[in-house]
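What follows is a short report on a single structure.
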Amino acid sequence: LDARLSLDPRSPIGTIDRRLFGSFIEHLGRAVYHGIHEPSHPTADGNGFRQDVIELVKELGVSTIRYPGGNFVSGFRWEDSVGPVTERPRRLDLAWHSTETNEVGLHEFSDWLEAVGSELMLAVNLGTRGTAEALELLEYTNLASGTARAEARRANGREEPFDVRMWCLGNEMDGPWQLGHSSAEDYGKKAAMTASAMRSFDPDLQLVVCGSSSSSMPTFGEWERVVLSHCYDDVDYISCHAYYEEKGDRASFLASGVDMDRFIDAVVATADHVKAVRGSSRTIDLSFDEWNIWYNEKFETVDKITGVDNWPVAPRLLEDEYTVTDAVVFGSLMISLLKHADRVTSASLAQLVNVIAPIMTEPGGPAWRQTTFFPFAETSAHARGVAVDVALDAPGYDTARYGTVPVVDAVASHDTEAGRAAVFLVNRSQDAPLRVSVQLASALGAITAADAVVLHDDDPMASNTLAHPDRVSLKGLDVQVDGSSIVLELPPVSWARVSV
Ligand code: AHR
2 LDARLSLDPR SPIGTIDRRL FGSFIEHLGR AVYHGIHEPS HPTADGNGFR
52 QDVIELVKEL GVSTIRYPGG NFVSGFRWED SVGPVTERPR RLDLAWHSTE
102 TNEVGLHEFS DWLEAVGSEL MLAVNLGTRG TAEALELLEY TNLASGTARA
152 EARRANGREE PFDVRMWCLG NEMDGPWQLG HSSAEDYGKK AAMTASAMRS
202 FDPDLQLVVC GSSSSSMPTF GEWERVVLSH CYDDVDYISC HAYYEEKGDR
252 ASFLASGVDM DRFIDAVVAT ADHVKAVRGS SRTIDLSFDE WNIWYNEKFE
302 TVDKITGVDN WPVAPRLLED EYTVTDAVVF GSLMISLLKH ADRVTSASLA
352 QLVNVIAPIM TEPGGPAWRQ TTFFPFAETS AHARGVAVDV ALDAPGYDTA
402 RYGTVPVVDA VASHDTEAGR AAVFLVNRSQ DAPLRVSVQL ASALGAITAA
452 DAVVLHDDDP MASNTLAHPD RVSLKGLDVQ VDGSSIVLEL PPVSWARVSV
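Numbers in the UniProt record's numbering are just positions in the sequence shown, counted from 1, shifted up by 1.
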C-alpha cells in the first residue's frame, strides 16, 4: 500500500494546550492503594508513595490529573479525606462496591502531585451532594485564611491554599449507574447554580460541566444542548468521555479514531448551536476528560463486585492488559485529540495506575509500562507548539461500524521556537505494510535529518506483563529524507512518531 501525505504549518489547527496530556486517578481498585501509595514498598518515600511509580508518571509526561473520580466522586464526602489519618472514617464506596479507608486524601494526593509535577483537576460531588458542599470544599482548598474551612486546612498542615484552578461539576450525571443521576434539565440547573456560586468566590476558576457519558447514550446531543442552555455563561468546558474495546471486529476497532473525530465534531456543533441561540461571544471548549481502551464487557460480566457483606479494600478492578493492537488504537485516539486542538484544550487519559492504566504495579514488586505507555509518552514529549492538519491521499478499507475509512491517519505539530516538527501516524491495515511519503511545506525549512520510532510487533496481541515487563517497546524506524519530503514504511497495525 502507498499513501501520500502533506502538511503546511502556515495554517495550523490551533495551539496544543499542555492540558491535552492530562490523566486521571480515581479512588477505584488499586489506583491509589497499592498503586501510587504503598508504605511498605521498598521504594516508598516518607509519605508512603512509591518512587518507582512517581518516576514512571514523570516519564509519561502527564500535565493535569483529574481526582478523586469518576463514579467514586458522586458518593464522596471530601471532609472524610482530611485531618489526622488515624481519625478518618472508613466508608462504603457504592460506585465500585469497595471500602474506602481515606488513608490517602486531598493533602496526601496534593503532595504526590507535587512530586510528579502535575496540576490538580478536582471534581465535586453533584450526585449525593450539591452546591453547599462544593462551596465548602472550594473555601477549604482556595481561601488563604480567616474562615473555619480555611483555618481547618492550615491546622491540617497546609499553610498555603491548594489554589485549584480547574474543577469538574460532578461526573457522568446522565448515566443511570451514577449516584444521583438526573435529567439534563435538573443537572443543568444544579450545575449552573454551583458554577455561578463558585465563580462568586473566584471568577477565574475554570469549570467543566458534564457532557454525555458517551456518544452512544440515548440522550447524547440533546443532553449537551439542554445542559449548556442552563449554564453556558458560567462554564468554560463541556466534558466528553469515550472508551473503545475490540469486540470481535478488529477492522472497526482499529478505526476507533474515526468515531472519536465524529464525537468531537458533534459536541462542538452542539456547543456552538447554544452559542448562536444565545448570541453569546463566549466559546465553550471540550475537556475530553475520560478516554482510553477499556474492556468494559469483562468488568460487567466477570469482575464486578457484589454482595452486602463483601466490600473489599483496593480490589483488583479494571486491570486490563493492553496489547500492541490496543496501543495502536490508543495512539490514533491521541491523533484525533490533536486534530481538534482548537477546541479540545483539556483531556485526561482514564486512568493512570493499575486501573485501565499505562502503568501497572505489583505489591512489594515492580512497576512496569503497558503498551499504551509508549504512544502517550512520545506524543506528550513531541507534540509541542501548534497542531497541524495532515492531508491524506491514501487507500481506504471497509469497516462494519464506520464504513470505508482511510488506512492511515496522521497529524503533525510544529514548534516554531524550537524549530522542530513532528508527525504522528497510524497504519490500520492488519496485513499490509504502508509506504508513506510526507510532503513537507517549505515553511519548515530544508529537512536534512529525521528521527522516528514505531510501535509494532509481529504478534499484534503481544503485551507487557509482570513476568515479561519489557516484551513490547518502541523501535527505531528508518526514514529517508530529501529536503522537502520524508519517506518511511509503516508495518501493519503500527503507530509511529517522526521528528524533523
Ligand atoms: O474510568 C472508569 C469509570 O468510567 C469512571 O469512574 C466513570 O466516570 C466512567 O464511567
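Ideal placement from N, C-alpha and C gives every residue a C-beta, glycine not left out.
- Between A422 and V356, the CB-CB gap reaches or exceeds 8 Å.
- Put simply, of S349, T307, A315 the residue whose alpha carbon is nearest the alpha carbon of N293 is S349.
- Within the same chain, Cβ atoms closer than 6 Å to the Cβ of E322 are found at S464, the five residues on either side in sequence being excluded.
- One alpha carbon belongs to S99, the other to F73, and they sit about 10 Å apart.
- Look at the beta carbons and you see the region 216-230 not touching the region 162-170: under three pairs across the two are nearer than 8 Å.
- Counting of Cβ neighbours within 10 angstroms places F50 among the buried residues, the total reaching 16 or more.
- One Cα belongs to I336, the other to A243, and the distance between them is close to 15 Å.
- F221 carries a coil assignment under DSSP once its states are collapsed to helix, strand and coil.
- DSSP places A419 outside any alpha helix (DSSP H), giving it a letter other than H or E.
- Counting the other Cβ atoms within 10 Å of the Cβ of L489 gives 16 or more, which makes it buried.
- Note on A149: under 16 other CB atoms within 10 angstroms of its CB, so exposed under the neighbour-count rule.
- Under the three-state reduction of DSSP, N293 is assigned to strand.
- Every beta strand (DSSP E) of 3 residues or more that sits fully in the region 32-83 is shown, in chain order, as 65-68.
- Sorting Q352, T405, V406 by C-alpha distance to the C-alpha of R31 places Q352 at the top.
- Shown here for E152: same chain residues with a beta carbon closer than 8 Å to its own, the five before and five after excluded, namely S146 in chain order.
- Collapsing the DSSP output to three states places H231 in a helix.
- Of the heavy atoms belonging to the ligand AHR, none sits nearer than 7 Å to the Cβ of N355.
- At a cut-off of 7 Å, the beta-carbon of A243 does not count as near the ligand AHR: no heavy atom of the ligand is closer than that.
- For R436, the enclosing beta strand (DSSP E) covers residues 435-441.
- The closest heavy atom of the ligand AHR lies 7 Å or more from the beta carbon of L435.
- With a cutoff of 7 Å, N428 does not count as near the ligand AHR, since its C-beta is closer than that to no heavy atom of the ligand.
- The alpha-carbon separation between A185 and S24 amounts to approximately 26 Å.
- Setting aside the 5 residues that flank it on each side, V389 is surrounded in the same chain by L8, P10, P13, A413, H415, each with a C-beta closer than 6 Å to its C-beta; the list follows chain order.
- Nearest in C-alpha terms to M194, of all of P85, L21, D235, S183, is D235.
- Here L170 carries a strand assignment [DSSP, helix/strand/coil].
- M462 counts as exposed, since fewer than 16 other C-beta atoms from the protein chains shown sit within 10 angstroms of its C-beta.
- Here DSSP, grouped into helix, strand and coil, assigns N157 to coil.
- Excluding five sequence positions before and after G118, the CB atoms of its chain that fall closer than 7 Å to its own CB belong to K59, given in chain order.
- The region 266-274 and the region 313-330 do not touch, with fewer than 3 CB-CB distances between them shorter than 8 Å.
- Here the region 470-480 makes contact with the region 365-373; the two share three or more CB pairs at distances below 8 Å.
- In the three-state DSSP reduction, Y238 falls in the strand class (E or B).
- In the DSSP assignment, F110 falls within the alpha helix (DSSP H) that extends over 107-117.
- Secondary structure at M122: strand, using DSSP grouped into helix, strand and coil.
- Rounded to whole angstroms, the gap between the alpha carbons of A450 and D343 is 29 Å.
- Beta-bridge partners of E490 (DSSP): R436.
- E101 is positioned such that its CB atom lies no closer than 8 Å to that of V86.
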